[in-house]
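Q: Handing you a structure now.
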Amino acid sequence: METRRRKARIESDGSALEAEEGGVGGGYEESRKKRIEENKLRLQKLGILDLSQKLKSELRSPKSKSPPRKPKKGSSMPLMMRSSSRLKSKPSVNYSELRAKSTKIKKSRDVVVRIKRGLKPEIYTEEDQKLLGGCETVWTLAVDGYENGKRVYDALNGTSCHQCRQKTLGQHTECSKCGSGYGQLCGDCLYMRYGENVTEVSQNPNWVCPVCRDICNCSICRQAKGWAPTGNLYRKVIKLGYKSVAHYLIQARSLGSAEEQAVVALSSMNGLKSVENASSGGSADLEASHESSSTAESH
């Protein structure tokens, strides 16, 4: 019985405590809500509440992306105004044009051709000039005997050129006098070294090769005469106004010519050095490949 009484007393005390706490808590919540409402009214009167809501809405809304700006076109540099009234009437100087003109002047300078001194003097006569050939039509270089821009070499089916010592499949000359390999020249060598067209030569049954005419300027024939090889001269002699290397050698070094006198004067010195004044490339490289004697063959 005593235990039941204690239990009932504890339960009654707990419920009373809860009721008391609930009463206290309920009053605090009511006063808190009242203060919040009063603060809202004050903020609304001051306009702060509307401003806060407006800022929140702006922060939440996504920013509109502005269209990318187009780059401004580069404007040309303004012309410099003349500081002196005396020079205003005169046209301003365009320095870019001056540079272009000076470049052209440098390119058009006379080309000097120098060949090493040989064991014997190299002098020609009028009879040698009569032996020079020519052509009525222009021969196009680096086409005949070429495939995809490269020269085709064929040791089995090709024909050897006396000038460049290469066996190719292109057109070759045939001498009516010797009928040997000395009279076989490819189209490019015949045009660059002697100014003749292989197509026209093939139609001439009486054509005589440079070897039989004694005007061959290949390295072997020149060395046999005591003269030094010419090297790559085609681009240079064309700039000087000659049809071919043979035309330059014979016409410029004939007795009484200014070139021949200069050669004799220079030959009395320590010797001439080969100087390349023309720009390399193009037909110069082509002539170099034709002049290669590393694969020389017997005829």
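Residue numbers (full-length UniProt numbering): 1 to 299.
A virtual CB, placed ideally from N, CA and C, is assigned to each residue, including glycine.
Rounded to the nearest angstrom, how far is the Cβ of V201 from that of L190, given a contact under 8 Å?
A: With 8 Å as the limit, V201 and L190 qualify as a contact, their Cβ atoms being about 7 Å apart.
Q: Let's test the definition: count the other Cβ atoms within 10 Å of the Cβ of G27 and tell me whether it reaches 16, buried, or not, exposed.
A: Flag for G27 reads exposed.
Q: What number of angstroms, rounded off, separates the C-alpha of I36 from the C-alpha of Q53?
A: For I36 and Q53, the distance between alpha carbons rounds to 17 Å.
Q: Can you tell me the Cα-Cα spacing of T230 and Y242, whole angstroms?
A: Cα-Cα distance, rounded: 15 Å.
Q: Buried or exposed, going by whether 16 or more other CB atoms sit within 10 Å of the CB of V112?
A: V112 is exposed by the Cβ-count criterion.
Q: For T168 and R193, which I take to be in contact (beta-carbon distance under 8 Å), what is that distance rounded to the nearest angstrom?
A: With a Cβ gap of about 16 Å, T168 and R193 do not count as contacting.
Q: So which of Q203, I250, L119 and L46 has the shortest CA-CA distance to D214?
A: Comparing Cα positions, the closest option is I250.
Q: Mapping the DSSP letters down to three states, classify Y242 as helix, strand or coil.
A: DSSP places Y242 in coil when its eight states are reduced to three.
Q: Is there contact between the segment 234–241 and the segment 175–187, where contact requires at least three CB pairs shorter than 8 Å?
A: No: fewer than three Cβ pairs fall under 8 Å.
Q: Could you spell out where the alpha helix (DSSP H) holding V198 opens and where it closes?
A: Note, V198: alpha helix (DSSP H), V198 to S202.
Q: Since Y124 is in the alpha helix (DSSP H), which residue starts that stretch and which ends it?
A: From DSSP, Y124 is part of no alpha helix (DSSP H); its letter is neither H nor E.
Q: For E136, does the three-state DSSP call read helix, strand or coil?
A: Coil, per DSSP.
Q: Roughly how many angstroms lie between the CA atoms of G134 and A246, to the nearest whole one?
A: The straight-line gap from Cα to Cα measures roughly 11 Å.
Q: Between the beta-carbon of H162 and the beta-carbon of C218, is there less than 8 Å?
A: Against a cut-off of 8 Å, the Cβ pair of C218 and H162 comes out as a contact.
Q: Find the nearest neighbour of N197 within the set S244, K40, Q129 and A252, judged by alpha-carbon distance.
A: Checking every option, the nearest Cα to that of N197 belongs to S244.
Q: Taking buried to mean at least 16 other C-beta atoms within 10 Å of its own C-beta, is L41 buried or exposed?
A: Exposed is the call here.
Q: I'd like the ranges of any beta strand (DSSP E) spanning at least 3 consecutive residues and lying wholly in the segment 158–229.
A: Correct list: empty.
Q: Three-state secondary structure (DSSP) at R151?
A: Strand.
Q: Look at the alpha carbon of C221 and the alpha carbon of E147, and state the distance between them as a whole number of angstroms.
A: If I take the Cα positions, the gap works out to 31 Å.
Q: Could you check whether G226 and K120 sit closer than 8 Å to each other, using their CB atoms as the reference points?
A: Against a cut-off of 8 Å, the Cβ pair of G226 and K120 comes out as a contact.
Q: Beta carbon of C212, beta carbon of C178: below 8 Å?
A: The answer is yes: Cβ separation under 8 Å.
Q: Compute the distance between the beta-carbons of S254 and T125, then report whether it is under 8 Å.
A: In this structure, T125 lies closer than 8 Å to S254 by Cβ.
Q: Just to confirm, are N157 and S176 a CB contact at a threshold of 8 Å?
A: For N157 and S176, no; Cβs fall outside 8 Å.
Q: Distance check for R114 and G149, CA to CA, integer angstroms please.
A: Roughly 31 Å between the two C-alpha positions.
Q: Less than 8 Å between C-beta atoms, sequence neighbours within five positions excluded: which residues of the same chain meet that for Q44?
A: Correct list, in chain order: D50.
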